[in-house]
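Notes follow the structure.
In this note's numbering, the protein residues as written are 933 to 976.
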(Lines of atoms letter the chains of each structure in order from A and count residues from 1; the text may use other names and numbers.)
(Lines give C-alpha, C1' and ligand atoms only; values in the text may rest on other atoms or scores of the structure.)
Protein backbone atom coordinates (compact mmCIF):
# COMPACT_ATOMS: atom_id res chain seq x y z
CA UNK A 1 0.00 0.00 0.00
CA UNK A 2 0.89 3.66 0.08
CA UNK A 3 2.44 3.50 3.55
CA UNK A 4 4.99 0.91 2.39
CA UNK A 5 6.86 3.54 0.34
CA UNK A 6 7.58 5.70 3.42
CA UNK A 7 10.83 5.46 5.35
CA UNK A 8 10.94 5.60 9.15
CA UNK A 9 9.49 8.89 10.46
CA UNK A 10 8.16 9.66 6.96
CA UNK A 11 5.27 12.03 6.18
CA UNK A 12 2.22 11.20 4.09
CA UNK A 13 0.03 14.12 3.00
CA UNK A 14 -3.53 13.58 1.77
CA UNK A 15 -4.77 16.34 -0.55
CA UNK A 16 -8.45 15.50 -0.85
CA UNK A 17 -10.65 12.69 -2.07
CA UNK A 18 -10.73 13.01 -5.88
CA UNK A 19 -11.02 9.23 -6.29
CA UNK A 20 -13.39 8.67 -3.38
CA UNK A 21 -13.10 8.23 0.34
CA UNK A 22 -9.78 6.58 1.28
CA UNK A 23 -9.63 3.36 3.25
CA UNK A 24 -9.11 3.77 7.01
CA UNK A 25 -5.49 3.80 8.16
CA UNK A 26 -4.84 1.59 11.20
CA UNK A 27 -2.89 3.46 13.87
CA UNK A 28 -0.64 0.44 14.40
CA UNK A 29 0.57 0.80 10.79
CA UNK A 30 1.66 4.38 11.51
CA UNK A 31 3.25 3.52 14.84
CA UNK A 32 5.34 0.65 13.48
CA UNK A 33 7.66 3.06 11.65
CA UNK A 34 6.75 6.29 13.51
CA UNK A 35 4.97 7.65 10.42
CA UNK A 36 3.00 10.90 10.18
CA UNK A 37 -0.24 11.36 8.23
CA UNK A 38 -1.72 14.81 7.70
CA UNK A 39 -4.55 16.32 5.70
CA UNK A 40 -4.27 20.07 5.25
CA UNK A 41 -7.34 22.27 4.92
CA UNK A 42 -7.97 25.76 3.64
CA UNK A 43 -9.85 28.13 5.93
CA UNK A 44 -11.58 31.00 4.17
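Backbone N, C-alpha and C define an ideal beta-carbon position, used for all residues, glycine too.
Quantities reported herein were computed from a predicted structural model and do not represent experimental measurements.
Judged by beta-carbon spacing, residue 934 lies beyond the 7 Å limit of residue 971, meaning their Cβ atoms are not closer than that value. Rounded to the nearest whole angstrom, the CA to CA distance from residue 954 to residue 936 is 16 Å. In the DSSP assignment, the residues bridged to residue 969 are 944. One alpha carbon belongs to residue 959, the other to residue 952, and they sit about 21 Å apart. Judged by DSSP secondary structure, residue 974 falls outside any alpha helix (DSSP H); it is assigned neither H nor E.
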